[in-house]
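**Student:**
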Amino acid sequence: MAAKDVSSSRAEAVALAVRQVAEHTERKQRGASGPDPSQAAANLAALGIHLQIGARNEAKGNLANVREVLERHYRFKGNFWLDTFHQKMFTTWDCDEPRPWADVDRLAIADVLQGEFGLIQFTPELVEQAVMVLMTRNQRDELKDWLSDLSWDEVPRLDTWLVNAAGAPQDEYHNALGRNFILSMVARGLRPGCKVDTMPVFEGAQGAGKSTLLKTLGGDFYSELTESLDNKDFMVSIQGRWLVEIAELDAFKRSDVTRIKQVLSSQVDRFRPPYGRHAIDAPRRTVFAGTTNESHYLRDATGARRFWPLLVGRIDLVWLEENREQLFAEAAEKLKSGATWWDMPEQAHREQAEARREDDVWEVAIAEYCTARTEVSMSEVLLHALGLEMAKQGRPEQIRAGRSLSAIGFASRQVKRGGKNVRTWVRIEPEEDRPI
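Residues 1 to 436, numbered by UniProt numbering, are exactly what the sequence shown covers, in order.
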């Protein structure tokens with residue numbers, strides 16, 4: 001069941017179930033009689049479905065009996081499952097195409113069991129419980145199944161797809177960006193929860209087609225992020241979404257740098273699914289991609305390595321539509337051979353990120369002060385480099401100065417001084433911890 005069909009299928013299911021309940025009610029009002037409850041268990045036994053029997057030879061109304069009927073009767077068998085990609089329950093008990101389970105389904109099924117089967121003690125509550133048991137036993141994964149069915153034609157496309165689809169330059173940096181992005185998508189599809197803490201940022205003028213390109217690439221599994229990263233529904237909103245666009249980087253602008261890093265680096269989504277009462281930890285399946293029409297948007301040097309900037313040129317959606325499945329098929333084969341999705345040409349990436357970093361006048365003053373120094377304190381920098389008295393050295397000022405220190409090659413460390421732990425900033429070597 002593709003993500004875009006979920007809402008319409010749910011509406012159709014509700015309408016169908018309501019119609020079924022109404023039809024049965026009408027039959028009752030006309031005086032139509034259903035099967036004899038005392039014969040219901042015997043009728044099912046003839047089909048090999050054996051139920052627990054109570055008084056007057058009627059089937060007991062318990063979870064085990066309801067589950068037995070729904071699991072073994074040809075009308076219901078195999079028609080309930082949990083899709084672990086969408087984190088939703090699906091069914092085909094009354095239709096040919098998979099659709100999400102709806103609240104009214106429990107009423108409609110109970111109506112059938114009572115009115116047509118004569119199982120008068122099979123309540124909607126028992127139906128819902130039985131279906132949940134069956135769905136946890138029967139699990140599917142639409143994205144993984146789709147990717148696994150793809151077959152690569154052995155024509156290489158990964159390294160140059162951005163050249164063909166987005167008008168990118170053909171060089172080491174852009175080839176690696178395009179290859180790693182597709183590999184990371186397929187890795188998250190086939191290896192739920194694998195580490196992907198990077199995201200490309202597609203730059204270009206408004207109307208250049210950046211969002212359409214991502215929508216074409218993600219297909220039915222694409223979505224644009226509408227929730228803030230800090231919203232309690234954020235984790236729920238990305239379930240069943242493989243490629244999520246952060247349009248104009250709006251969600252990042254509304255969140256602090258620490259939260260952005262947490263979201264990108266997380267390998268597990270903790271949330272309460274629609275079918276459950278308690279929160280679960282689900283391996284992440286989503287990868288993110290940003291779009292922007294700005295040229296300077298990287299605020300924090302320490303997090304810049306996570307972003308892969310790309311200025312789009314002429315976008316060819318026809319080429320992408322024709323080749324997208326082969327891109328994913330090639331990536332799946334490369335992953336089987338041990339391909340990774342995180343290595344980038346370091347110097348080229350550093351230059352690309354630096355060109356997008358927001359300028360800060362404080363950085364110049366701090367760099368001059370630290371020229372001959374290998375270790376400084378925050379209060380020292382704020383006072384002597386920027387002339388801020390102690391009363392003006394608040395948290396915002398410390399954060400801003402910290403960004404500048406990171407940008408010029410310093411890192412925050414905790415050291416022992418006089419038997420006490422003291423926070424200080426020390427100059428580091430590029431290969432040690434230097435931010436891009």
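All residues carry an ideal CB built from backbone N, CA and C; glycine is no exception. These numbers come from a predicted model, not from an experiment.
Just to confirm before moving on: does the CB-CB distance between Trp341 and Ala187 stay below 8 Å?
**Tutor:** Contact: yes.
**Student:** Per DSSP, what kind of secondary structure is Glu375 in: helix, strand or coil?
**Tutor:** Glu375 falls in the strand class under three-state DSSP.
**Student:** Closer than 8 Å by C-beta to Leu51: which residues in its own chain qualify, once you throw out the five before and the five after it? Chain order, please.
**Tutor:** These residues qualify, in order along the chain: Ala41, Leu44, Ala45, Ala59, Lys60, Asn65, Glu68, Val69.
**Student:** DSSP on Lys210, reduced to helix/strand/coil?
**Tutor:** It is helical.
**Student:** Are Ala108 and Thr123 touching if we call contact CB-CB under 8 Å?
**Tutor:** The answer is no: Cβ separation not under 8 Å.
**Student:** Can you give the Cα-Cα distance for Gly31 and Gln39, rounded to whole angstroms?
**Tutor:** Reliability fails at Gly31, whose pLDDT of 41 lies under 50, so the model's placement of it is uncertain and no value is given.
**Student:** Between the C-alpha atoms of Arg277 and Val131, what's the straight-line distance to the nearest angstrom?
**Tutor:** Answer to the nearest angstrom: the Cα atoms are 15 Å apart.
**Student:** Over what stretch of residues does the alpha helix (DSSP H) that includes Asn421 continue unbroken?
**Tutor:** From DSSP, Asn421 is part of no alpha helix (DSSP H) but of the beta strand (DSSP E) over 420-427.
**Student:** Which same chain residues end up closer than 6 Å to Arg179 when comparing Cβ atoms and leaving out the 5 residues on each side of it in sequence?
**Tutor:** Leu158, Asp159, listed in sequence order.
**Student:** Decide if the segment 211-226 is in contact with the segment 357-368; the criterion is three or more beta carbon pairs, one per stretch, under 8 Å apart.
**Tutor:** No, they do not touch.
**Student:** Do Asp149 and Asp84 have their beta-carbon atoms positioned less than 8 Å apart in this structure?
**Tutor:** At residue 84 the sequence reads Thr, which differs from the Asp that was named. Result no, Cβ atoms of Thr84 and Asp149 do not sit closer than 8 Å.
**Student:** Taking the CB atoms as reference points, tell me whether Leu177 and Trp308 lie closer together than 8 Å.
**Tutor:** Yes, Cβ-Cβ distance for Leu177 and Trp308 is below 8 Å.
**Student:** How many Å lie between Leu388 and Leu213 at the Cα?
**Tutor:** In a straight line, the C-alpha of Leu388 is about 47 Å away from that of Leu213.
**Student:** Here's a check: name, in chain order, each residue in its chain whose Cβ is nearer than 7 Å to the Cβ of Gly54, leaving out the five neighbours to either side.
**Tutor:** Taken in chain order, the residues that qualify are Lys60.
**Student:** Going by other Cβ atoms of all chains shown within 10 Å of its Cβ, with 16 needed for buried, is Met235 buried or exposed?
**Tutor:** Looking at its Cβ environment, which holds 16 or more other Cβ atoms inside 10 Å, Met235 is buried.
**Student:** Could you name each continuous beta strand (DSSP E) segment of 3 residues or more that falls completely within the segment 28-79, going from the start of the chain to the end?
**Tutor:** Listed in chain order, there is nothing to give.
**Student:** Can you grab the Cα-Cα spacing for the pair Arg400 / Arg259, in whole Å?
**Tutor:** Cα-Cα distance, rounded: 16 Å.
**Student:** Would you tell me roughly how many angstroms separate the C-alpha atoms of Glu325 and Glu154, rounded to the nearest one?
**Tutor:** Those two C-alpha atoms are separated by around 12 Å.
**Student:** For the pair the segment 339-353 and the segment 274-291, tell me if three or more CB-CB distances fall below 8 Å.
**Tutor:** Cβ pair count under 8 Å is below three, so no.
**Student:** Leaving out five residues before and five after Leu134 in sequence, what residues of the same chain have Cβ atoms less than 7 Å from its Cβ?
**Tutor:** These residues qualify, in order along the chain: Arg67, Leu70, Glu71, Phe80.
**Student:** Taking the alpha-carbon positions, what's the Ile49 to Gln114 distance?
**Tutor:** Computed Cα separation, rounded: 16 Å.
**Student:** Is it buried or exposed, Met199, if we count other Cβ atoms within 10 angstroms and call 16 or more buried?
**Tutor:** Per the 10 Å Cβ criterion, buried.
**Student:** Leaving out five residues on either side along the sequence, give the residues of the same chain with a beta carbon under 8 Å from the beta carbon of Ser379.
**Tutor:** Excluding residues within five positions, the ones whose Cβ falls inside 8 Å are Met390, Gln393.
**Student:** What residues in its chain sit with their C-beta under 8 Å from that of Arg106, if we drop five residues either side in the sequence?
**Tutor:** Pro124, Glu125, Val127, Glu128, Val131.
**Student:** Where do the ends of the alpha helix (DSSP H) carrying Met185 lie?
**Tutor:** That run of the alpha helix (DSSP H) goes 172-190.
**Student:** Check whether the Cβ atoms of Trp319 and Glu375 sit closer than 8 Å, and answer yes or no.
**Tutor:** In this structure, Glu375 does not lie closer than 8 Å to Trp319 by Cβ.
**Student:** If you compare alpha carbons, which of Leu82, Lys334, Pro396 is closest to Gln139?
**Tutor:** Considering only alpha carbons, the answer is Leu82.
**Student:** Just to confirm, are Gly409 and Asn293 a CB contact at a threshold of 8 Å?
**Tutor:** The answer is no: Cβ separation not under 8 Å.
**Student:** Entirely within the segment 227-296 and at least 4 residues each: give me those alpha helix (DSSP H) ranges in chain order.
**Tutor:** Within the segment 227-296, the complete alpha helix (DSSP H) runs of at least 4 residues are 234-237, 250-253, 257-265.
**Student:** Work out the CA separation of Phe76 and Val112 for me, nearest whole Å.
**Tutor:** If I take the Cα positions, the gap works out to 11 Å.
**Student:** Give the secondary structure of Met132 by DSSP, where H, G and I count as helix, E and B as strand, and everything else as coil.
**Tutor:** Here Met132 sits in helix by DSSP.
**Student:** Can you tell me whether DSSP reads residue 437 as helix, strand or coil?
**Tutor:** Any property of residue 437 remains undetermined from this structure, which presents the chain solely from 1 to 436.
**Student:** Tell me which residues share the same chain as Val263 and place their Cβ nearer than 7 Å to its Cβ, disregarding the 5 neighbours each side in the sequence.
**Tutor:** Here the set comprises Leu229.
**Student:** Where residue 520 and Ala332 are concerned, what is the direct C-alpha to C-alpha distance, given to the nearest angstrom?
**Tutor:** The chain is shown from 1 up to 436; residue 520 falls before or after that span and cannot be answered.
**Student:** Whole alpha helix (DSSP H) runs in the segment 297-373 with 4 or more residues, listed along the chain?
**Tutor:** For the segment 297-373, whole alpha helix (DSSP H) runs of length 4 or above, ordered along the chain, are 317-336, 346-356, 361-369.
**Student:** Got a sec? Which residues, its chain only, sit under 6 Å from Ile238 by beta carbon, not counting five neighbours each side?
**Tutor:** Same-chain partners within the cutoff: Val244, Thr286.
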